[in-house]
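Read left to right, the sequence shown gives residues 2 to 270 (our numbering).
For each residue, glycine too, the CB sits at the ideal point set by N, CA and C.
In this text, all values refer to a predicted model and were calculated from it rather than measured experimentally.
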Amino acid sequence: MTCVPVFTYHHVNPNKGDMITVTPEGFGAQMRYLKEAGFTTLGMNELQDYAEGKSEVREKSVMITFDDGYLDNFVYAYPHLRANGIKATVFAVTGWMDAASNQSEEKKLSGLDELKKRPPTHNYCKSLIAEGLFHRAVMNWDMAVEMHGTGLVEFHSHTATHALCDAITKDDLARELELSKETVELNIGRPCSALCWPKGRFNALAVETAKEAGYRGVFTTVHGVVKKGSGPFAIKRIDVKEGLSWFKSRLKIYTNPLMAEIYSKMKGL
């Protein structure tokens, strides 16, 4: 039985060495390798069907995900996805993207120009968001629609406000999850069936609330792989690092069930 690594990206930009950032050159090399080495990148329905035990996947199958919906994903990652025919999923903070979209065209263009001149670091992105300058940190819905229109990039929920889902009331959480789901579906025009927990924070109540809100699957920050029938409501993932050699070695390990199990035990996972 094969296993599927779900890789997690946040930023793709030239700030080499910045936290949770892969450079465009590094990302491009990783995506080219997936294509040239014959890997299959899965869409959401394919991954969920496999996690539910309803279907098989090809050997050498992987999933590519992005958390938050940063503007640099559109500028630097999207061209490499398109050039190599790589499927990916963006978990969008819908309130942030709404705010980025509710700017004048002049401001949207200025945000793009500023990012290309000097891409913000992760911490600076957090500052821009805190100051309400969303158009300089995250993509807008027009960009999302363009990406989705290629048939390669899906959008799903990362909540409405990047809420800590183990630290708010059930009513507030339900509103977060229902609103973000509705917002993705309204803007993209396709079902939003998946949710990713901000900062990996969740508990049993949060999972139950996600099910009640109509989500078919939930992604975590827990390290590991997806196996057939392993379940769609605690999907494990792998944080990506810079470098093609690292990426190749993890692909070799995590698409091999025996190697993945041995490596996880060695790492104490």
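Query: Span separating the alpha-carbon of F67 from that of A89; Result: 8 Å
Query: Residue closest to P121, alpha-carbon to alpha-carbon, out of N74, V219 and F156; Result: N74
Query: Extent of the continuous beta strand (DSSP E) to which F67 belongs; Result: S62 to D69
Query: Beta strand (DSSP E) segments (min. 3 residues) lying fully within the region 142-184; Result: 154-158
Query: Counted within 10 angstroms of its Cβ, other Cβ atoms place A84 as buried (16 or more) or exposed; Result: exposed
Query: Contact set for M20: own chain, Cβ-Cβ below 7 Å, skip 5 residues either direction; Result: H123
Query: For I239, the three-state DSSP class (helix, strand or coil); Result: strand
Query: Uninterrupted alpha helix (DSSP H) stretches inside the region 185-257 (no shorter than 4 residues); Result: 205-213 and 245-255
Query: Proximity below 7 Å, CB of A161 to CB of L180; Result: yes
Query: Nearest to S111 (by Cα), restricted to the options F135, G54, F248 and I254; Result: F135
Query: Neighbour-count burial assignment, L129, 16 or more Cβ in a 10 Å radius; Result: buried
Query: Inter-residue Cα distance where the pair is C193 and H157; Result: 5 Å
Query: Alpha-carbon to alpha-carbon, K118 and L206; Result: 44 Å
Query: Environment of I263 [buried if 16+ CB atoms lie within 10 Å]; Result: exposed
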